[in-house]
Each structure stands twice: as structure tokens, then as C-alpha cells.
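Trainee: A single structure is presented below for examination.
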Amino acid sequence: MLKKKRGHACLVATSMGSFVLLMMVLYGTFGTQPGSSNSSSPRREYQLLGRPLYKLELSWPKNPELFTGDVFAVAVDQYAGVVYVAQRGDIIPKVLVFTTDGDFLMPWNTTTLEMPHGMFIADAASSNPTVWITDVGNGQYGHCIKQYSPSGNLLQVLGTPGKAGSGLNPLQFDQPAEIFIHSSGEMYIVDGDGGMNNRLIKLSKEQEVLWMHGEKGQGMAQFYIPHSVTVDNSQRVWVADRGNKRIQVFNSVTGEWLGTWGSCFTEDAPYSVRLTPDKKYFVVVQLNTNQISLLDAPPVGLIGQCRVVSVIQLAEEVKPHLVDLDVKTGALYVAEIGAQQAQKFIPFSLDGSFL
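Printed below as a string of C-alpha cells:
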């Protein structure tokens, strides 16, 4: 469990090692973007290192005081213009719903959600989008992945409620970290946020197991706390293998191991991995160093070595966890456990389009 440290957050201005020194030489360092006179607030303090690709949207959300727990996940329905934020805490709404402009819409007062971890919007372009949430709770509703309506009505459950396990028939999970649902309806699940499992599972649209990698270890196609998963347009699955401080890549059709990235994560592990809408960059979060990095996405057929292009260095104790992006605008939403907030970053551009 993450232990939060309360108190005054200060601006991170120290070196992040040889990589940051190299980035400063290559691209230059862009100074603090305080955004308000209260420059000590963790909502306002950050540095841009390397190429400046994003900047903080200071007015989002319009009522930040509505965050009352530890914020673990965020998901964007770009077609409806809605952002879902998942938080943890006692006697608080587990999901808050905002517009992409920052207006508060509603809370979810559901009792079926214990400890939300990851979140994903499925069928966003349809008339019936749904919200999928992984639940790592230990109570009667925990160890499951749940599908909700946009208003918070429970529609279905994957897994065996309240019972941790490794079974595939019936399907069981132990602290499932995140789910990614392809436009085809196929599902990719990373199961094992510190529990007994360390698995990447692909399910068909009918929720049958198509392939799986489920061995704990440091070798190829082995995992230690697989924490986030995304799929690109080149039939590649990218997994943030948190405990091993690397990202592993697989063929989405066959499950074949394709490669690994580790050189970019010597100081801290990758916690979240997502693609920008233009497919040029991977957005990767490193919680303990309070960084959001943008890495060059490799071309088809080539994995190669990871290369960091830009870093958003957040203030101490913000603890960014998982992210999501607006496919239409390129806006980046970040769930931050330590700061108990979600933030919106928008791409630098002269015409409003994503760079």
C-alpha cells in the first residue's frame, strides 16, 4: 500500500540523474509553470523537461474541492465530453463525473465498488458507452472487473466477487490492475496489483480466454506486478511491468513476445502506459519520482530501445498513478494519489490541434 506523507509540497528542481542532464543539454529546461500566485500548491507546480508538449489546464476542474479521497484512475469519453474520476475513501462517492470543460455533473453513490484501481471507457463512439473498473477490494465485491452504465448502474461482473483466485473457468482475479478493451470487443487484462497473480490475459468479445502469460519472474513474458496495458494500431500490446521496471511488448493476435523497454526506467517503474491520439508518443507515468514521460512510439515491426522526448516533472508527493487521453483533443488527464486530485494537461499548439 502507498503511504502518503502530508505536509507542504515543494517544487522539484533537483537533477533526475544523467538522463535529465542530457535532456537539458539537448532540448533545454523549461521553467516552473505556477499558474497562480499560490505557487506552493501541488496543483500548480511542475517543470517541463525536454521538448514542451503539454501544459497544465489551470481551470480544470472548476470545483477541485469535490475530490475527497485518494484519486487512482481517470477515463475520458471524448464523444460525450465526459471525464470519470475514481477515488478511494470511506463514505465518499467512488466515482466523480465531470465534463471535459471542468463542470461537475454527478457522483456515483454505488455500494458495489470497493477499491477502484483502473478504469476504461468501452464503446465510446456508440450510443451505449460503458465504464469498466477494476476493483482490488477484499470485501464481498472485490477482486473483480465491473461494467457500469454512465450513471453508475452495475451491468455485469468479470471474476468471482469477493474471492481471489487464479482460475480461468470460472474466471478469477486477485487485485486486477487494469483492463483495455479494443474496438473489436476483445479485452486485455493485467491481473496482479500485488496479489497472487502476475498475468496478462486476452479475452474474446464473448469473454473466453484466447491466450495468457501468467508466470512470475524477470524473464521474457514473465511479470512482477503488471500494472497497465494498452494496444496500438500495429497489433502490439504494451504492458507496464511495474515490479520489473520495464515495458513488455506482445503480438495482440498470437500473444508472442516481441520485445522489452527498460533503459528509460532505471530510477522508477512505469505505472501507466497510453498512446497519444496521433500515435507518436507513449505516455508513461512514474509514481515515485512524480514524472509523466512521453516516449517515442516505434514504427511498425520495430521495438528497439525506448527514447524519452519530454517529461512533466510534478511536485513532490503528487504521486501520479494512471492516465487517460482525449482522442479528439489530445488532452491528458492524470489521476494523482498523493495530491488527491485529477489534473488536465493540454497539448501545446498554435491552432488547438494536437502536436
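Residue numbers (full-length UniProt numbering): 1 to 355.
Think of the CB as a built atom: it goes at the ideal place given N, C-alpha and C, for glycine as much as any other residue.
Being a predicted model, the structure only gives us computed values, none of them experimental.
Can you tell which of 329, 187, 160 has the C-alpha that lies nearest to the C-alpha of residue 346?
Mentor: 329
Trainee: From 91, 189, 312, pick the residue whose C-alpha is nearest to that of residue 201; which is it?
Mentor: 189
Trainee: Of all the options 250, 178, 177, 160, which has the alpha carbon lying nearest to the alpha carbon of residue 171?
Mentor: 160
Trainee: Are the beta-carbon atoms belonging to residue 247 and residue 273 less than 8 Å from one another?
Mentor: Residue 273 sits close to residue 247, with the two beta carbons spaced by under 8 Å.
Trainee: Suppose you measure from the CA of residue 240 to the CA of residue 226; what does that come to, to the nearest Å?
Mentor: Straight across, the Cα-Cα distance linking residue 240 with residue 226 is about 6 Å.
Trainee: If we count the other Cβ atoms within 10 Å of its Cβ and call it buried at 16 or more, is residue 220 buried or exposed?
Mentor: exposed
Trainee: In terms of DSSP beta bridges, what is residue 89 paired with?
Mentor: Under DSSP, residue 89 forms no beta bridge with any residue.
Trainee: From 187, 204, 206, 173, pick the residue whose C-alpha is nearest to that of residue 198; which is it?
Mentor: 173
Trainee: Of all the options 86, 53, 258, 81, which has the alpha carbon lying nearest to the alpha carbon of residue 136?
Mentor: 86
Trainee: Please state if the CB of residue 120 and the CB of residue 75 are separated by a distance shorter than 8 Å.
Mentor: yes
Trainee: Throw me the rounded Cβ distance for the residue 116 and residue 94 pair, which I believe falls under 8 Å.
Mentor: 6 Å
Trainee: Counting C-beta neighbours from all protein chains within 10 Å, is the total for residue 78 16 or more, i.e. buried, or is it exposed?
Mentor: buried
Trainee: Run the CB neighbour count on residue 336, radius 10 Å, all protein chains shown included, and call it buried at 16 or more, exposed below.
Mentor: buried
Trainee: Using 10 angstroms around the beta-carbon of residue 8, count the other beta-carbons present and answer buried if the total reaches 16, otherwise exposed.
Mentor: Residue placement at residue 8 is poorly supported in this model, since its pLDDT is 37, which falls under 50; the coordinates still yield a value, given next. For residue 8, the number of other beta carbons within 10 angstroms of its own is below 16, and it is reported as exposed.
Trainee: Tell whether a beta-carbon distance below 8 Å holds between residue 158 and residue 207.
Mentor: yes
Trainee: For residue 244, name the three-state secondary structure that DSSP assigns.
Mentor: Helix.
Trainee: Can you pull the DSSP bridge partners for residue 187?
Mentor: 181, 203
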